[in-house]
Amino acid sequence: MPRSVNAVASRKRRKRMLAKAKGYWGRRSKVTTVAKHSVEKAGQHAYSGRKLKKRVMRNIWTVRINAAARDNNTTYSKLIGALNKKNIDINRKVLAQLAYDNPAAFTEVVKFAMS
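Those letters in the sequence shown? Residues 9 to 123, by my numbering.
Structure follows, in structure tokens:
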């Protein structure tokens, strides 16, 4: 009796790995073992990238708020301190969007916080 190796499942698993590696250069997209390694590494980089994205976005918000605050004769730290002191609960993402999209509204927020 011939040895049963379940070639259907093995081929499906390898094809799925090669499909995930589609678009990679050279052996990374053609050889199963190399493609598997590349796909695993890509997953690791994607995971760490999702964590890093949160830090990067918060830094961008801070830079935007600071730039807009300096246009209104104050600084980021003074503005955030004044907002906290007045118990104005507005997060940095919304502040950055206001500063970018609607500078007049941001100016009103700054005036209210600094008064």
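Every residue gets a Cβ at the ideal spot worked out from N, C-alpha and C, and that includes glycine.
Note that the coordinates shown come from a computational prediction; the quantities given were computed from them, not determined experimentally.
Item, Value
"N- and C-terminal bounds of the alpha helix (DSSP H) containing Y84", "84-93"
"Check whether R63 and R100 have beta carbons under 8 Å apart", "no"
"Under 8 Å between C-beta atoms of S46 and R58", "no"
"R78, buried or exposed, once every other Cβ within 10 Å from all chains shown has been counted against 16", "exposed"
"Per-residue DSSP class, three states only, for S12", "coil"
"Assigned exposure category for F120 - 16 Cβ within 10 Å defines buried", "exposed"
"Spatially closest choice to V42 from K28, T82, A54, by CA coordinates", "K28"
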